[in-house]
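What follows is a short report on a single structure.
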Amino acid sequence: MRKNMKRILALGLTGLLTAGLLTGSVEYAGHTFAVDAMAASVSSTEKVKTSESGGLDKDDVSKQETVYVNTDAAGQVKDVVVSDWLKNSGINGTVKDVSDLTDIENVKGDEKFTQSGDSLTWNTGDKDIYYQGKTDKDLPVSMNITYKLDGKETAPKDLIGKSGKLEMTIKYTNHSKQTISLGGKQTDIYTPFMMVTGMILPVDKFENVTIDNGTLVSEGDNDVVVAYGFPGLAESLDLDNLDFGDDMDIDTSKISDKITDTVTIKADVKDFEMNSAYTVATNQLFNELDFDKIDDMDDFTDKIDDLTDASSQLVNGSKKLHEGTEKLSDSFSEYADAVKTAKDGVGTLKKGAGTLKNGIVSYTKGTDKLLNGVTTYVKGAKTLSQGVQAYTTGTSQLVDAIGQLRTATKDLPAQYEKLGNGVDTYVASVNKLLAKDNMDQMTAGTKSLKDGIGQLDDGLGQAQQGVASLNAAANKLKKTDELDQCVAGLEAMAKQYEAAAAAGDASAKQAAAALQGAIQYIQGGEQVADAVDAATNGKSDGDADKNGQADLAVALATMKAATDKTATGQNLYTGAASLETAAGTMSGYASQLRDSSKALTDGNAQMKAGVTQLSDSINQMNTAAGTLTDNNKALNDGASGLIKNASTITKGAKKLTGNSSKLRKGAVQLQQGTGTLFAGMTKLVNATGAVSDGISSLNDGASTLESGMNEFDKQGISKIADAVTEMLDSADDLNDRLSKISSISGDYTSFSGNADGMDGSVKFIMATEELTADED
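Read left to right, the sequence shown gives residues 785 to 1560 (the working numbering).
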């Protein structure tokens, strides 16, 4: 749009200066042939576009029409003369034409024509045809000029000779429109005419001249004023109703101001007089603009959708990660407490196992002594009494030891029950906490996080390419062939008038000054391209882009650095990759821990059964020991009787001592196992502190990641996606309108009529009457 607007303004000024101002003060009504000749001369120097570019083909017959309108000082039409040039009409000998003009006459030859209604047939021979005629039908465009002196509206002729503050308002009006269907609605689209008015104001009568929509060139004794307007274009574009979204700050009023249909000129006047003002109206500028080749934006919107989806996945993944770490942190606190309780229980078990071992050793030693005593008893009756005495003494000691053993092991089953429950709770918590599904979900989540950041990085790379393309396009706009051709044409014409001015021709001097002003105005258009370049070149350009803060390329580079997949330092992507690696390692350790929990559960079950059996045996031994000491006296009394039963006693003693070895080995193994278990529990308790700290840090990081991703999605990706979507929707509507405008402009090729299949072009030149003292 900006490039097209630049071309419209540049070419419009050229049309004005070549077809209007340069006619000077030639008497319009009495010199139509001279004006026609000038128009033909100007047209011959203009570059004729080929049909491939949408213009006139250099080898086909075409009609180039100029409508000359004489108006009063307020812009009201007085008479109209139309001049037509049938270009290349001599290539066929005859040419068919259509015209609704009256009083048609050949103004540059003797070629004749025949007429039937509006149909004309010219016998051209080998020459082009130049003819003119009159019409009284309504023009497609008009203008109205109002004058105020010192704030009061004043009739034009009443201004002559007056002094004060002058305000002159030119209102252009477009009467040519079509009603078409656009977006499902019936819409009025105007033929896009550009109207340019030029006037020369002597500085001895006009001072402090200003214009709100045009340009002013001060040269010597005159100020050259060039005003322009686009009547109906603002309504056709409907810029005020374009919606680019809340996050896109695009001030369409700045564009609307440039396509206004009203111009205000102010000045301090003295002894007011004013020569004729000339206005050119043409739609040809719009025929050269191709709005049907704007690139399709579907791929871009697809990328925006991909970017939004990836951001949503990142937000969901970070939320799930945070929820998982919170559960891990809460469960691990309970697990750590259970491990500490288990350690205390194992410590108690270790002490009890040591006491049990000592008691069993004492017990087995006693049974050994008992066996020896029985053997001695059996071997010699003489020592029976001594043996019985020693036996009874030993049994007393045995009873005491058994009592001590029972006391020491009385609470062992309950203590181990607590320990066993703690071990079961620990195993269940570990299996639940480190379940394969949880580990797999955590690993998949970290991978999705990293992949999402990678997709984001790819999207930012594409965005950077888009900005680079925009910058390249802006650089191309800085200087175009069309501008060079316009400037070259104006400079050539300026040299011609400068030569005449050097010879003392005041009108030529004025025209040369106007041409130089137009050249400067055209060249000023490059500033627009410079501004775009400053905002997208990735460098600091001072105030042009707020020292780089408003540079789009710089902003994208900053975001790209945060997600760069090839970065070697720390950024969002490498952090996610590290998190993915850590999750895989943690999953492996969790598998090992789950595998080891079964052995611990099985051992705990065996220990429970063994401790219960051991406690029952000790209770039985304690009961039996009481009975044993109760019979000591009877044993002593019946020593002689025992001798008789020596064989039986020996067998019983051997049975009693037969399991002593196993009992001692079991006690040793129990003590060693509880020692190993206690050492392991100690290491486990010490390790839980470090694991708890790590889980706490992981939870804090996950919380920060979740908050950051929500903010990034809400304030960054969502706003970008919404803004781009709204902008593209509005751009599609604008593109449709521009295409319709261009199509309607292409359809308007003649004011008086045109034969089927014949290309054409038309422009309107309006001349206002002079306001001078001689006419008062």
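Cβ atoms here follow ideal geometry from the backbone N, Cα and C, with glycine treated the same way. Quick caveat: nothing in here was measured; it's all calculated off a predicted structure.
About 5 Å separates the CB atoms of ALA1051 and PHE990; that is less than 8 Å, so the two are in contact. From the listed residues GLY1322, MET1226, ALA1361, GLY1359, the smallest Cα separation to THR1342 is found for GLY1322.
Nearest C-alpha to THR994 among VAL1053, MET978, ASP1558, SER1020: VAL1053. Counting every other CB atom within 10 Å of its CB across the protein chains shown gives ASN958 a total of 16 or more, marking it as buried. Under the three-state reduction of DSSP, GLU1019 is assigned to helix.
Within its own chain, the residues whose Cβ lies closer than 6 Å to the Cβ of TYR956, once the five positions on either side in sequence are excluded, are MET927, MET979, GLY1013, PRO1015, ASP1045, listed in chain order. For GLN1294, the number of other beta carbons within 10 angstroms of its own is at least 16, and it is reported as buried.
For GLN1354, the three-state secondary structure derived from DSSP is coil.
Counting along the chain, ALA1051 sits inside no alpha helix (DSSP H); it lies in the beta strand (DSSP E) bounded by residues 1046-1053. Separation of MET1277 and ALA1283 (C-alpha to C-alpha, rounded to the nearest whole angstrom) is 10 Å. Between the beta-carbon of MET1542 and that of SER846 there is about 6 Å, and that keeps the pair under the 8 Å contact cut. Between GLY948 and LEU933, the gap from beta carbon to beta carbon is short of 8 Å. Straight through space, the alpha carbons of THR975 and THR981 are spaced by roughly 19 Å.
Inter-residue distance for VAL1338 and GLY967 is about 38 Å (C-alpha atoms, whole angstroms). In the displayed model, VAL925 falls within a strand according to three-state DSSP. The continuous alpha helix (DSSP H) containing PHE1070 extends over residues 1068-1071. Check the Cα spacing between SER903 and each of ASP1540, ASP1558, THR1556: the tightest is with ASP1540. According to the DSSP assignment, MET1277 belongs to the alpha helix (DSSP H) that extends over 1265-1286. Distance from the Cα of GLY1004 is smallest, within the candidate group THR1396, ASN1025, ALA1285, for ALA1285. Annotation: LYS918 to ALA1256 spans about 51 Å, alpha carbon to alpha carbon. In the structure shown, THR905 falls within a strand segment according to DSSP collapsed to helix, strand and coil. Residue pairing from DSSP places GLN848 in a beta bridge opposite TRP869, SER1545. Residue environment for GLU1107: exposed (fewer than 16 other C-beta atoms within 10 angstroms of its C-beta). Here TYR1373 is exposed. Its C-beta has fewer than 16 other C-beta atoms within 10 Å.
Under the DSSP definition of a beta bridge, MET1370 lacks any partner.
Per the DSSP secondary-structure output, GLU991 pairs in a beta bridge with ASP1052. Taking a 10 Å sphere around the C-beta of ILE875, we find fewer than 16 other C-beta atoms and assign the residue as exposed. Under the DSSP assignment, TYR1012 falls in the beta strand (DSSP E) whose first and last residues are 1006-1013. Annotation for SER900: the continuous beta strand (DSSP E) segment containing it runs 897-900.
Cα atoms of ASP1195 and GLY1442: separation of roughly 28 Å, rounded to the nearest angstrom.
Buried is the label assigned to GLY1301, since at least 16 other Cβ atoms lie within 10 Å of its Cβ.
Inclusion of VAL1130 and LEU1203 in the CB contact set at 8 Å is warranted, their separation being smaller than that value. Comparing alpha-carbon positions, the option among ALA1137, ASP868, ALA857 lying closest to SER1399 turns out to be ALA1137. Sequence-distant Cβ neighbours of GLU849 in its own chain, meaning closer than 8 Å and more than five residues away, are VAL866, SER867, ASP868, TRP869, SER1534, PHE1535, SER1536, GLY1544, SER1545, VAL1546, LYS1547.
Judged by DSSP in its simplified three-state form, LYS892 adopts coil rather than helix or strand. DSSP, reduced to helix, strand and coil, places THR1396 within a helical segment of the structure shown.
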